[in-house]
Each structure stands twice: as C-alpha cells, then as structure tokens.
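Below you'll find the structure, written out as structure tokens, and then a few comments.
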Amino acid sequence: MLLELRNVVAGYDGGDVLKGVNLPVLEGSITCIVGPNGAGKSTVLRAVSGLLRPRVGEILFEGRNIAGMSPRHVLELGIAQVPQNHSLFNDMTVRENVRLGAFLLNDHAQVNRALAYVEDLFPIVRERAHDKAGSLSGGQQRLVEFARCLMLNPKLILLDEPSMGLDPRTLKAVFDTISVMHASGRTILLVEQNVKTGLGAASHGVVMESGRVRLIGTSGEILHHPEIGRLYLGGALAGA
Amino acid sequence: MTDSMAKLLKVGSLLLLLVLALLFPFIAGNSTYVTIAIFAFGFAAAATGWNVFSGYTGYIALGHAAYYGIGGYTLAILCQHWHIAGGWIPFLLVPLAGLVAAVFSVPLGAIALRTRRHTFVVVTIATFFILQLMSYNLRGLTNGSSGIDFPLITDWGINIPGISFADFYVLPFYYVALALTLVALAVSWFVRNSKFGLGLLAIRDDEDRALGLGVRTGPSKLFAFVISAFFAGAAGALLSYYIGGVQPTFTFDALFDVAIALMVFFGGIGTLAGPILGALVLESVQKYSATVFTQGGGGVYLIIYGALFLVVVLLLPQGVIPSLSILWNKYVLRRIEPTDAAEDTSAGTPGAGPVGDRLPRVNEGASA
Chain A
290 MLLELRNVVA
300 GYDGGDVLKG
310 VNLPVLEGSI
320 TCIVGPNGAG
330 KSTVLRAVSG
340 LLRPRVGEIL
350 FEGRNIAGMS
360 PRHVLELGIA
370 QVPQNHSLFN
380 DMTVRENVRL
390 GAFLLNDHAQ
400 VNRALAYVED
410 LFPIVRERAH
420 DKAGSLSGGQ
430 QRLVEFARCL
440 MLNPKLILLD
450 EPSMGLDPRT
460 LKAVFDTISV
470 MHASGRTILL
480 VEQNVKTGLG
490 AASHGVVMES
500 GRVRLIGTSG
510 EILHHPEIGR
520 LYLGGALAGA
Chain B
-10 MTDSMAKLLK
0 VGSLLLLLVL
10 ALLFPFIAGN
20 STYVTIAIFA
30 FGFAAAATGW
40 NVFSGYTGYI
50 ALGHAAYYGI
60 GGYTLAILCQ
70 HWHIAGGWIP
80 FLLVPLAGLV
90 AAVFSVPLGA
100 IALRTRRHTF
110 VVVTIATFFI
120 LQLMSYNLRG
130 LTNGSSGIDF
140 PLITDWGINI
150 PGISFADFYV
160 LPFYYVALAL
170 TLVALAVSWF
180 VRNSKFGLGL
190 LAIRDDEDRA
200 LGLGVRTGPS
210 KLFAFVISAF
220 FAGAAGALLS
230 YYIGGVQPTF
240 TFDALFDVAI
250 ALMVFFGGIG
260 TLAGPILGAL
270 VLESVQKYSA
280 TVFTQGGGGV
290 YLIIYGALFL
300 VVVLLLPQGV
310 IPSLSILWNK
320 YVLRRIEPTD
330 AAEDTSAGTP
340 GAGPVGDRLP
350 RVNEGASA
C-alpha cells in the first residue's frame, strides 16, 4: 500500500467536507475516485497534498503519517498534484511554468536533467518553451501541467478532474498521457466526474458520496455496479 | 533579424543610454536640469525597488514613504550624532540608511504580510502614519516638527577649472543617484531571472498554487519587501541630503507612495525598465512644471500627470513598456507571416521536414 487514508475528517470554514474517509491506494495502481458534486473528491486530494489540514485521522504515505504536513514537505516526499481547472501561470512562459515544478531543487544540473526528460516526453514543452502559457489551448495546458508535475519524479501523482473542459479527441490524448505516466512506474490517484473515462483508464475505483467512501473495488467492479447509475441520477447508494 | 543581432542591438542601445546618462550633466549645461535628474533617478531607484516587491508579487504596498522617511532620518541623525561634516562622507552612509530602513521593514512587513490584497494595502498605509507620528513625537531623536538639518556642504575638496562650485555642487548627487538606480536595476534583473523571482511571479498569479508547488510564500514575500524597503530608504537618505534636511511632513510624505506607484504603473508594473521610465518621465514633468509654472501653488504638474495618464490608459493600458512591446511583436509578426505562409506549402506532405520526422509523442492531438 502506497497511500492510505484512515478516518480522515477535514473541511473548510463552512464545516467538514470529509466525514471519516478510509481509502487505500495500492502501489502501481491508477485509482479513480468518482462521485457526485460535493462528495469531497477534490478535498481528498487537497488533504493528501497538504493544502488542507485534516481535523482528525491519518494519511499514511509509505507507512508514514503525512497528515498536516506542509505542501512543500509533501512534495519532497514524492507526491505531486495537478489541480482542477487550468493551473498554469498564464503570464509566465511554458518553460518557466515547467521549471516551477522543480522549485524544490537547488541543483541546476538536476533541474536541467529533469527538464530534458519532460521535454522528450512532452515535445510541446520544448516547442512552445518561450510562449506564454496562457496562449496554449486547454489540452496543451493539461500536458504542460503533467510535464510540470513530473519534474520532481514523483512516486504518487494526484490528478484532479483532468478531463474538465476538453473535447473527446483531446480527452483521449490526455488519458493516453496518463497511461504513459503510469507505465513509467508511477502510482496515480485520479478524481473524475466523467465516470466512464475515469474508471476506464483506472485499475481501481472508489465511489464517494457526502464526504464518505461508499464503494471500493477494481474499476470493472465499480463501473458495472448497479448502484452507480442511481447515484448519478440523484439517488443514494444502498445503505448510505 | 537574427537572435544574436537583436541581442547586440539591445546591448548597444543600453550602453548608449548609459553613456548618455553619464554625460547628461555636461549635455544639459544647466544645474536646474541636473537637479531634476537627481530627483528623477532617486525616485527611479525607489520605484525599481518597489517594483521588486509590488510588481513581482502583486501585493500593492502603499506605505513605503515610511522607509523613505526612515532612510532620510537615519542619515540626518547619524550626521548629527557623529558630527559628520557636509561633503562625501554622508554618501557612504546612504547604504547604511537603506539597511536601517530594511531592518525596520522586517517586523513591519511580517505583520502586514499576514494579510492579503486590500487589507494588506490598508495595513501598509497604517504603518506609514504610525512612523510619521513617531517622527513628530520622538523629539529627543528626531527634533520633532522642526526636523534636523544636514551639515552644509561648503567645499567638495575638488576644484575643476572652468566649473564653479555651484555647478559642481549637483554632480556628486547626480552620480550617486544614477549609481543607486543602476544597483536597483541590477537587483531587479537578478531577482527576475532567479528561482526566487520565479517564486514571486508565481505568488502574483496564484499564491495558493505557488504554495502547492513548494514556494515558501511567506519568506519570499518578506524578503522582496525588505529589498524594496532598502531602496526606498537609500533614496530617502540621498534626496533628503540633497534637500538639506528632514522634517516629518515632507520626509514622511504620503504623496511619495502615490508617486512611485503611479510611476511603476505608468512605465509598466512587473517590468524591468518600466519603473525607471515612469520615474524619469513623471518626476521630470513634476519638477520641470514646478520651475516653469511658478503660480498656482505648484499644482500644475497634477494636471499634466492627469493628461499623461489619460493618454496611457487609453492608448497603452498595460503601461508604456508592455504596451509598446506588444505593438512591436504584432508589427514583427505581420512582417514575418507572409514568408511563413510561403514556406508552409510543404507542411502537408507526410515525412517532409521536421513535422513529418517527429516521433509520435504525447502532445499529438491535444489541440483543443
């Protein structure tokens, strides 16, 4: 087990969003969290990445409790996040954006090696290096975000709704990239509204509702679970 | 134009500007113009420093008059207590005055930076008023509302044939102001091109996102704030020395904050050259109008300021430098495009040129 959330309670000023989340993420898996709006999917990622401090519970990464650690410390441990919406700095160049992914590194040679690696994987980073990130299309921005998150060679990548705002062709390209990142030995924890696309790309699935985990299984089991349709049509899972 | 030619042209233009700046007092041939230039460069240094913080982080600080005042008072108090005669020595203490302002800015900045955006602006204004009030009330140190006079300069120890003492008087101030501006510009350039500067720009765009990428947002902002306070303090020390004294009302002057903010916005916030251009234009306009339009309480410059701003807001809304840069890029693109279109005729052929040779990689198809 690479990551495990144990009874995590966390939220914002308005109250708890996560109400005792228990969630395992196996090493080498693509785990996809699905659920309706307000289920707390993105909040799980914010709690893991250190942007939100849990009120109760443990977040174990490689057996070590990282709950409440600063985002910088979490990054140092090997967890990188690609946030929801377009998270590039629009007024900076593509290269500056990607370099920010290695902000923790002080060794220039190491940064340049990481940059060369992601430029080979994502040629757009080299081709549009000096263009403003804001001038890229939505799909291209997603790829640059992925490139940025690989700069620290993370063990675990947190992806928050990577399909948001993309057309079907671009969506396919983005999910192909997720497969490439996974194939290079990384574990991926993915949050998706698009159940079919998300679970289709994942090895494991988690269904959340109202701040709690309702179902856990392989992606196939989750995708074909009879309750999924009801949940998305406004009902609640049996036993909720 | 090739990249190396463009770079050469840029370096050549900068060198030409530097030579012009060095020769300006002799070209101007009038100490009034040199006096205007002293203020313009003093403000250019302060505005460039202010831009390192406010331009790069997006936090608009409107209390730097406090550090300008601390710099001025520090130099005046040091000259008084150490019985320093008028002349060259006070110039050597200008960096020390800047350092004292920087030291003051550490706790004040740390408090102000606990807040964001509008609250931050209000807190910085408040720190200015507190320090102005202190300069009135710490009479034992500041001499209250009477202020402190700097020692008179009666002799520079240098006699150049053909140049009178009155004409020579302004030269040391001019060159120190120019040097201070160049140092501020070098620091601004270094910050902009460093990892630290990249972090500041990330904070400007989205502080929480910057935090998520591992930027130490708190210490970064504070360090930039301290740098900006140093230059405000050094400028305050130099210009106060030139004016000949410090006094709470005009050494701690709220209009200083408005002036440097306007200068930076005018030239282009977050740019390297923008603050200097803004200061050179606006401060020169102010001082020149004050010498030409002697009637009306010296407020004519405000009308000229207003007219200039209308022109900039209407025609160059992002400030002079960024707007001109955009216009130039559009002009270059227009000149390049017809050539590109002619070259693109082979692009559709599979295997032709670099596009066809490219291996399938992960940016294919992501064009939405």
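So the sequences go chain by chain: A and B. So the number in our numbering is just where the residue sits in the first sequence, counting from 1, plus 289. Oh and the second sequence: position 285 is 274 in our numbering, straight run, nothing missing. Just so it is clear, CB atoms sit at the ideal spot from N, CA and C, and this is done for glycine as well. Quick caveat: nothing in here was measured; it's all calculated off a predicted structure.
- Whole runs of the alpha helix (DSSP H) within the region 290 to 342 of chain A, excluding any shorter than 4 residues: 330 to 338
- Message: I'd like to confirm the pairing. Which residues does DSSP put opposite residue 369 of chain A in its beta bridges?
- Response: Residue mapping note: residue 369 of chain A aligns to position 80 of the first sequence, counting from 1. DSSP, once it has assigned bridges, lists A:446 as partnering residue 369 of chain A.
- For the region 201 to 219 of chain B, which residues have a CB atom closer than 9 Å to at least one CB atom of chain A, in sequence order? 201, 202, 203, 204, 205
- Query: Between residue 405 of chain A and residue 391 of chain A, what straight-line distance do the alpha-carbon atoms span, to the nearest angstrom?
  - Reply: Numbered from its first residue, the first sequence carries residue 405 of chain A at position 116. Numbered from its first residue, the first sequence carries residue 391 of chain A at position 102. Distance between the alpha carbons of residue 405 of chain A and residue 391 of chain A: 12 Å.
- Query: Which of the three DSSP states, helix, strand or coil, is assigned to residue 358 of chain B?
  - Reply: The structure shown does not extend to residue 358 of chain B, since chain B is modelled only from -10 through 357, so no value can be given for it.
- Straight-line Cα distance separating residue 208 of chain B from residue 393 of chain A: Residue mapping note: residue 393 of chain A aligns to position 104 of the first sequence, counting from 1. Residue mapping note: residue 208 of chain B aligns to position 219 of the second sequence, counting from 1. Each residue's alpha carbon lies about 15 Å from the other.
- Bounding residues of the beta strand (DSSP E) (the contiguous stretch that carries residue 350 of chain A): Within the first sequence, numbered from 1, the residue matching residue 350 of chain A stands at position 61. Here the beta strand (DSSP E) through residue 350 of chain A covers 345 to 350.
- Item | Collapsed DSSP secondary structure at residue 382 of chain A in the structure displayed | Along the first sequence, one-based indexing puts residue 382 of chain A at 93. It is a strand residue.
- Using beta-carbon positions only, say whether residue 38 of chain B and residue 258 of chain B come within less than 8 Å of one another. For the purposes of this step, residue 38 of chain B is taken as residue 49 along the second sequence, with counting starting at 1. For the purposes of this step, residue 258 of chain B is taken as residue 269 along the second sequence, with counting starting at 1. Not in contact: residue 38 of chain B and residue 258 of chain B (Cβ atoms no closer than 8 Å).
- Is the region 441 to 452 of chain A close to the region 414 to 429 of chain A, with three or more CB pairs under 8 Å? no
- Message: With H, G and I counted as helix, E and B as strand and the rest as coil, what does DSSP make of residue 158 of chain B?
- Response: As a first step, residue 158 of chain B is located in the second sequence; it is residue number 169 there, counting from the start. DSSP places residue 158 of chain B within a helical segment (H, G or I) once states are collapsed to three.
- Item | Close Cβ partners of residue 124 of chain B (< 6 Å) along its chain, the five nearest in sequence each way excluded | Taking the first residue of the second sequence as 1, we reach residue 124 of chain B at position 135. Once the five neighbours on either side are set aside, the close Cβ partners of residue 124 of chain B are 131, 237, 241.
- Between residue 453 of chain A and chain B, is there a C-beta pair that is closer than 8 Å? What you label residue 453 of chain A is simply residue 164 of the first sequence in a count that begins at 1. No, residue 453 of chain A does not count as interfacial toward chain B.
- Item | First and last residue of the uninterrupted alpha helix (DSSP H) at residue 38 of chain B | Here residue 38 of chain B corresponds to residue number 49 of the second sequence, with the count starting at 1. Under the DSSP assignment, residue 38 of chain B falls in the alpha helix (DSSP H) whose first and last residues are 20 to 39.
- Item | From B:25, B:255, B:172, B:271, residue whose alpha carbon lies closest to that of residue 232 of chain B | Position 243 of the second sequence, counted from the start, is the residue given in the question as residue 232 of chain B. Of the listed residues, the one whose Cα sits closest to residue 232 of chain B is B:25.
- Query: Just to confirm, are residue 139 of chain B and residue 56 of chain B a CB contact at a threshold of 8 Å?
  - Reply: Stepping through the second sequence from its first residue, residue 139 of chain B is reached at position 150. Stepping through the second sequence from its first residue, residue 56 of chain B is reached at position 67. Not in contact: residue 139 of chain B and residue 56 of chain B (Cβ atoms no closer than 8 Å).
- Message: What does the Cβ neighbour count give for residue 339 of chain B, buried or exposed, with the cut at 16 atoms within 10 Å?
- Response: As a working note, residue 339 of chain B is residue 350 in the second sequence. Legend: pLDDT at residue 339 of chain B = 35, less than 50; position of this residue unreliable, value from coordinates given subsequently. Its Cβ having fewer than 16 others within 10 Å, residue 339 of chain B is exposed.
- Is DSSP giving residue 288 of chain B helix, strand or coil here? Here residue 288 of chain B is taken as the residue at index 299 of the second sequence, counted from 1. Looking at residue 288 of chain B - three-state DSSP - the assignment turns out to be coil, as it is neither helix nor strand.
- Message: In the DSSP assignment, the alpha helix (DSSP H) including residue 471 of chain A goes from what residue to what residue?
- Response: What you label residue 471 of chain A is simply residue 182 of the first sequence in a count that begins at 1. Segment 457 to 472, the alpha helix (DSSP H) holding residue 471 of chain A.
- List the residues of chain B that residue 481 of chain A touches, going by C-beta distances under 8 Å, in chain order. Against the first sequence, residue 481 of chain A aligns to sequence position 192. None at all; the shortest Cβ gap to chain B is about 17 Å.
- Are the region 375 to 386 of chain A and the region 424 to 436 of chain A touching, with three or more C-beta to C-beta distances below 8 Å? yes
- Item | Residue ranges of each alpha helix (DSSP H) within the region 45 to 75 of chain B, 4 or longer | 54 to 70
- Item | Opening and closing residue of the alpha helix (DSSP H) in which residue 501 of chain A lies | Counted from its first residue, the first sequence places residue 501 of chain A at position 212. Premise fails: residue 501 of chain A lies in the beta strand (DSSP E), 501 to 507, not in any alpha helix (DSSP H).
- Query: For the candidate residues B:-5, B:-1, B:276, B:298, whose alpha-carbon lies nearest to that of residue 288 of chain B?
  - Reply: Counting from 1 along the second sequence, the entry for residue 288 of chain B is found at position 299. Ranking the options by Cα distance to residue 288 of chain B, first place goes to B:276.
- Message: Counting only beta-carbon separations shorter than 8 Å, does residue 198 of chain B have a partner in chain A?
- Response: As a first step, residue 198 of chain B is located in the second sequence; it is residue number 209 there, counting from the start. So yes, residue 198 of chain B belongs to the interface.
- Using only alpha-carbon positions, find the residue among A:485, A:351, A:369, A:341 that is nearest to residue 445 of chain A. Here residue 445 of chain A refers to the residue found at position 156 when the first sequence is read from its first residue. The shortest C-alpha separation from residue 445 of chain A is found at A:369.
- Item | Contacting residues, own chain, Cβ-Cβ under 7 Å from residue 61 of chain B (five flanking each side not counted) | As a first step, residue 61 of chain B must be located in the second sequence, where it is residue number 72. Closer than 7 Å at the Cβ level, and outside the excluded window around residue 61 of chain B, lie 225, 226, 229, 235, 240.
- Expected contact under 8 Å - CB spacing of residue 86 of chain B and residue 64 of chain B to nearest Å: If you number the second sequence from 1, residue 86 of chain B lands on position 97. If you number the second sequence from 1, residue 64 of chain B lands on position 75. Correct: roughly 4 Å between the Cβ atoms.
- Item | First through last residue of the alpha helix (DSSP H) which encompasses residue 416 of chain A | Stepping through the first sequence from its first residue, residue 416 of chain A is reached at position 127. Taken as a continuous stretch (DSSP letters only), the alpha helix (DSSP H) holding residue 416 of chain A covers 412 to 416.
- Message: Any beta carbon of chain B sitting closer than 8 Å to that of residue 449 of chain A?
- Response: On the first sequence, position 160 is the one that residue 449 of chain A refers to. No, residue 449 of chain A does not count as interfacial toward chain B.
- Buried versus exposed call for residue 471 of chain A [16 or more other C-beta atoms within 10 Å across all chains shown]: What you label residue 471 of chain A is simply residue 182 of the first sequence in a count that begins at 1. By the 10 Å Cβ count, residue 471 of chain A comes out buried.
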